[in-house]
Structure formats: structure tokens, C-alpha cells
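Visitor: Let me give you the structure first, and then I'll get to my questions.
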Amino acid sequence: MDQFLEGLMDASYPSSLANILELEQYPSKENADKFRLLEYELEKHALVELVNGRDNSTINGQCEYIISGKGLDFVMSGKSTLELFENDEIDLKMENPKIQLDNLTQRAEEYLILTMAEPLKSKVNKRENINSFLNWYYESRNIFRDYIDENDHDFKEFTSFDLSGNGTSLASNFSRMYPLFNVLKGKILNGQFSKEQEKLRKMNNKGFVIHGHNEKYKFEVARIIEKKLNKEAIILHEQANKGKTVIEKFESNSEVDFAVALWTADDQGKSSKDKEFQLRARQNVIFETGYFIGKLGRDRVIVLYEDGVEKPSDYDGVIYISLSGNWWYNLILEIESIYK
């Protein structure tokens, strides 16, 4: 590992483990599995930056890297990578995926809070926070790669993000990554159960209402769920706190059959590339929508949106209903179909 990092320092172009350690384009059979684990460790510790490769034909020593800023600092410190890896508290390869995913979820929530801090740039552009984000991303990607088919639409989306920018652009990417993270996490956890067991999952006749500042639509949706469909509408602020944090309260009330998300024009925002501001739903609404997509599946999450509100492309496959026209009729049809 140390030899590879030193080789990257001397190289004037991206290179792979096979190139530097074996002087070959393709790895030998006896080293292929070893190289895959080395790639995992290099990316996990953000010692390198991936330039080319990331599929089943290249993950065993052919992925091409450049050394990262953290990698340069590490080599210049004179330390050995063995010392770094021996200090790892958990061997992720031997760990239950749920434990790994819970750890990654906690770190993602911490980074999410960071992206909401003011001023944003002073926080997300710090080197330690950039490294924290990259570590989270690479670890997430690696566990998804172990459990999710490489042709899966959500997996391909998650692995397609450009990580070459500064902390501000990474934070912008994270707002689209995190819903995908929840979707892929849900696929792994739900994959532990057979389809027959999923069909037999007990329904509790509850629906979660995700909302922003629009009180009118919030109460109209709740009234339809309760009066027209005879289901219980869960609105978070109406539930007892019971000494729980906001996240704990949210999770304890998330055992529902479906979720209805109200994407109303409460905020405005734009990427660094856009000139015009776009109407957007509040960040917590987008976050909660992604959470329920991961927990329930796309076919159990219904998005009611105001015309003109930006719709993230990462949420393709979710049920969208415009709040113009007879939206209430379409909402009833979609919820009824969940129970058939």
C-alpha cells in the first residue's frame, strides 16, 4: 500500500494498483482479490481520488487513481498505512450490513446538519469536512456495490456524481445523494426478507403526511386520509414527544403503510451553474421524502406538488400528482391501490 501511494506521487498521470505494483495492465489472478480490498481501504480513508473505472471488470486492481491531498499529507508524515488500518475499530467486511448502514446513516445526518449551518461555505469547505464527506461516500458506495446489482438504476445514479469540486459543490451533490442512499439502504435491508414475507407484512392503516409551511394543503390531505379512506394520518408535530429527539420522534412515527409528501413552493434555490432561482420544497420535506422512499419503496410514496416547484431527477419512479385540478381524486385512487 505504501509503495502504491509513493508510486502515485511520482506518476504524472492516473495509475492503478496493477500498473504500479505489478507493472502490468491487468492484475494476476492471485492478487485480484487482494487488490480489490486495497482499493476499498484506499478509498475508505480518502487517500486517493478515483479517476477511471468502477465496475466488475475493473475493481480488482485496474481502477485508476491520483493521490489525494490527504494521501500526500500521509506519505509526507512518514507513517505506514499498516498503522492506519490497524487503528480501524471495525472490520466492515465482517460486519452485519445493518450495523454498517446505521453507522453511515448517522454520519450522513451529521453532515446534513453541517450543510444547514450558516455561513455554509465556511463549514463545508474545511478540509476535514470534505474528507468526512468523501469517506462517507466511498464507504456507502462500497457496501452498495457488495449487495446491489451494478445495473440497478439507483446504484448507477449514486455512483455517477462528480466529486471533483470544492466543499460547496459536494454539499450540493449530497442533497441529491442522500435520498438515493436511503433508497439503496432500504433495498439491502428489505432484501433480507422474501417477497412472500413482504406481502404478508401487517398493514396498520396509517399514512405519514410530509409537509412544509402550507397549512391549507396539510389539513386537506389529512382530512382525505381520515374521512375518505378511513386511515390514520400521521402529522409529526401533532404526535407526543415522549422525551425523544426530533430524529427519534420521526423514526418512531414512521411505521406506516404509505407517505404523502407535499412539495409546496416554500423555498427558492439554485445551483452554482444556474442564473435563475427555482421554486423548491423545504429541505426537510425533500429529506423526509427520500427517507420514506428508502423505507417503503417508491410505489408507496406519493408526491403532491405545486406547479413550478423543482422536481429532483433522482426521484424518478415516485408517484407525482399535480395540486392543480382534481388532485384529491387521484390521491384517493393511489392510496386505495396500495391496499389491493
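For the sequence shown, my numbering gives the first residue as 106, with consecutive numbering after it. Every residue, glycine too, gets a C-beta built ideally from N, C-alpha and C. Everything numeric in this text was worked out from a predicted model, so none of it was measured.
#1: Run the CB neighbour count on Ile352, radius 10 Å, all protein chains shown included, and call it buried at 16 or more, exposed below.
#2: Spatial neighbours of Pro202 within its chain, please: CB distance less than 6 Å, with the 5 preceding and 5 following residues excluded, ordered by chain position.
#3: Identify which residue in Leu113, Ser133, Glu129 and Ile125 has its Cα closest to the Cα of Leu152.
#4: For Lys400, which of helix, strand or coil comes out of DSSP?
#5: Report the residue ranges of all beta strand (DSSP E) runs contained in full by the segment 332-397; include only those spanning at least 3 residues, in chain order.
#6: What is the DSSP secondary structure of Gly174, reduced to helix, strand or coil?
#7: Taking only three categories from DSSP, how would you classify Lys311?
#8: So which of Asn234, Val365 and Ser245 has the shortest CA-CA distance to Asp207?
#9: Round the Cβ separation of Asn287 and Ile391 to the nearest angstrom and send it over; I've been treating them as touching at under 8 Å.
#10: What is the C-beta distance between Asn236 and Lys175, in whole angstroms, given that I count them as a contact (C-beta under 8 Å)?
#11: Identify the continuous beta strand (DSSP E) that holds Ile424 and give its terminal residues.
#12: Please classify Tyr410: does DSSP put it in a helix, a strand, or coil?
#13: With a cut-off of 8 Å on the beta carbons, I'd call Lys354 and Asn346 a contact; round off their distance for me.
#14: Per DSSP, Ser120 is paired with what?
#15: Quick one: using the 10 Å Cβ neighbour count with 16 as the cut-off for buried, is Gln167 buried or exposed?
#16: From Ile437 to Arg405, what does the alpha carbon distance come to, in whole angstroms?
Guide: Short version:
#1: The residue in question, Ile352, is exposed, as its Cβ has fewer than 16 Cβ neighbours within 10 Å.
#2: Excluding residues up to 5 positions away in sequence, Ile293 lie with their Cβ nearer than 6 Å to the Cβ of Pro202 in the same chain.
#3: Considering only alpha carbons, the answer is Leu113.
#4: Assignment of Lys400 by DSSP, reduced to helix, strand and coil, places it in the helix class.
#5: Within the segment 332-397, the beta strand (DSSP E) runs of at least 3 residues that lie entirely inside it are, in chain order, 337-339, 363-368, 372-374 and 383-385.
#6: The answer is helix: DSSP assigns Gly174 an H, G or I state.
#7: Strand, per DSSP.
#8: Nearest option by C-alpha distance: Ser245.
#9: By a beta-carbon distance limit of 8 Å, Asn287 does not contact Ile391. Their separation comes to about 11 Å.
#10: Rounded, the Cβ-Cβ distance is 6 Å, consistent with contact.
#11: Bounds of the beta strand (DSSP E) holding Ile424 are Ile424 to Ser427.
#12: DSSP places Tyr410 in strand when its eight states are reduced to three.
#13: About 6 Å; that satisfies the 8 Å criterion.
#14: Residue pairing for Ser120: DSSP places it in a beta bridge opposite Tyr170.
#15: When all chains shown are included, Gln167 counts as buried.
#16: One C-alpha to the other measures close to 13 Å.
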